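Visitor: Pasting a structure here, questions to come.
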Amino acid sequence: MALAPDNQRKSFGKGEVLQAAPPAPLTEISNCLEKIKVGWKKEGYLAALWHDWSKIAGSKLAANCRPISLKRGVLIIGASHPQWRQALIYNRSRLLASLKAGGHKIKELRIQQHHLTENKKIESEFNIWERHPSRVDVHGVNTCNTCGSPAPAGEINLWGKCGFCRRKCLEGHQGPSL
Ligand SMILES: [Zn+2]
């Protein structure tokens, strides 16, 4: 007898019950984005800071240091390397001044050594959202050829149809290969 994959089985008493297959990657991405957006709300406008970060910090510093949390006006910046931590400390007052000049209500800067893996994780979450095809503010709006509704141009460029039509299409072709 063939066994269902682990993620479709659930122990139940002494036996197991089968459960629905995990959601398709599309749903996972959108769930993931929801989490990111919720995270952003919690973090205040850390996302806005990310946008301006290379302008504020300069490209060299920005590539090696990232704002990682913002609470009550205290911005914590993580540096990927002790050398960059030193550079941040050295530039702290300049950085604080340019943050204030950029309209960010930062009262204090704290600098931390930050592991690159964590940096990469934050960065990849940021990039997913930054390039996400559903971003109308990035890609603009177009009309879906399939349903004729206005839809994010990024979705249409990527899939030839809006995300809604794509989802319908994927649901219509359920199978192991997407
Ligand atoms: Zn459509």
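Sequential numbering of the sequence shown, starting at 10, is according to the numbering used here.
Think of the CB as a built atom: it goes at the ideal place given N, C-alpha and C, for glycine as much as any other residue.
Since the structure is predicted, the reported quantities are computational estimates derived from the model, not experimental observations.
(1) Select from 55, 65, 122 the residue whose C-alpha is nearest the C-alpha of residue 90.
(2) Kindly indicate which three-state DSSP category residue 153 falls into: helix, strand or coil?
(3) Judging by CA-CA distance, which residue of 64, 61, 78, 142 is the nearest neighbour of residue 173?
(4) Looking at residue 105: is its Cβ nearer than 8 Å to the Cβ of residue 97?
(5) Rounded to the nearest angstrom, what separates residue 87 and residue 114 at their Cα positions?
(6) Let me have the residue list for ligand 1: C-beta closer than 7 Å to any non-hydrogen atom, ordered along the chain.
(7) Got a sec? Which residues, its chain only, sit under 7 Å from residue 153 by beta carbon, not counting five neighbours each side?
(8) By Cβ distance, which residues of its chain are closer than 6 Å to residue 168, with the 5 residues on each side in sequence left out?
(9) Is it the case that the CB of residue 72 approaches a heavy atom of ligand 2 more closely than 7 Å?
Guide: The structure says:
(1) 122
(2) coil
(3) 142
(4) no
(5) 19 Å
(6) 153, 155, 156, 158, 160, 170, 171, 173, 174
(7) 160, 165, 170, 171, 174
(8) 175
(9) In the structure on display, ligand 2 does not appear, and the ligands it does have are ligand 1.
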